Amino acid sequence: MKLHHLRPSPGGRRKRKRVGRGRAAGQGKTAGRGTKGYLARHNKRTGFEGGQMPLTRRVPKKPGFTNRNREEFAVVNLDALAAKFKANQTVTPEALVEAGLIRPRLPVKVLGGGEIDRPLNIQAHAFTRTARQKLEQAGGSAEVLGEGPQKRAE
548 MKLHHLRPSP
558 GGRRKRKRVG
568 RGRAAGQGKT
578 AGRGTKGYLA
588 RHNKRTGFEG
598 GQMPLTRRVP
608 KKPGFTNRNR
618 EEFAVVNLDA
628 LAAKFKANQT
638 VTPEALVEAG
648 LIRPRLPVKV
658 LGGGEIDRPL
668 NIQAHAFTRT
678 ARQKLEQAGG
688 SAEVLGEGPQ
698 KRAE
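For the sequence shown, my numbering begins at 548 and goes up steadily by one.
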């Protein structure tokens, strides 16, 4: 037996029904669509539910939009850094994770919340303007890690 010898079993396939081709086609003059009216002459529009309030209008809408390009940061305030680290200490993202201030795997952004009274050398992916100013006033330094889109938040 070869591939070109294969046939469907008898009665296994039915001929396609050619609807709307007149009385000779064997499906009657109206092709099973009833008599006259919108549905006899057109297809229903997508989403039409027979007059019931359609799903697209039943579901509540969420206001605004979601920015697909948003970059998420693990944020930490200066007062939290001042509480956990000693003067002249170098603070890296790994040290912040060990101290329990942030969770791993996100880029770190330092915010200017609270006050800082000691010089710290902080390495993070982004700093706010106020955080950088407060750090430098206390005698510390802010070092930006990595390249790319994180650098814009200075």
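Even glycine gets a Cβ: it sits at the ideal position worked out from N, Cα and C. Just so we're clear, the structure is a prediction, and the values are computed from it rather than from any experiment.
Spatial neighbours of R568 in its chain, beta-carbon cut-off 7 Å, leaving aside the 5 residues before and after: none
For G695, three-class secondary structure by DSSP: Low confidence applies here, because G695 scores a pLDDT of 48, under 50, leaving its location unreliable; read the following figure in that light. Residue state, collapsed to three classes: coil.
message: So, with DSSP's three-state summary, where would you put L658?
response: strand
task: Could you tell me whether the region 663-678 touches the region 630-639, using the rule of 3 or more Cβ pairs below 8 Å?
output: yes
query: Which residue or residues does DSSP assign as beta-bridge partners of T637?
result: N668
task: Please name the residue in K549, L550, R554 and F674 whose C-alpha comes closest to that of N624.
output: F674
field: Straight-line gap, T577 to K583 (C-alpha atoms, nearest Å)
entry: 9 Å
field: Closest Cα partner of G660 within the set D626, E645 and A572
entry: D626
field: Sequence-distant residues of its chain with Cβ nearer than 8 Å to T639 (five each side left out)
entry: Q670
message: Taking contact to mean 3 or more Cβ pairs, one atom from each stretch, closer than 8 Å, check whether the region 642-650 and the region 602-612 are in contact.
response: no
query: Would L692 pass as a contact of P651 if the rule is Cβ separation under 9 Å?
result: no
query: Where does E596 sit, in a helix, a strand or coil, going by DSSP?
result: coil
message: In this structure, how does DSSP classify A685 when only helix, strand and coil are distinguished?
response: coil
message: With a threshold of 7 Å on Cβ separation, who are the neighbours of K631 within its own chain once the five nearest residues in sequence on each side are excluded?
response: A646 and L648
- prompt: Exposed or buried, which one is V566 when buried takes at least 16 other CB atoms within 10 Å?
  reply: exposed
message: Could you compute how far the alpha carbon of G558 sits from the alpha carbon of K564?
response: 15 Å
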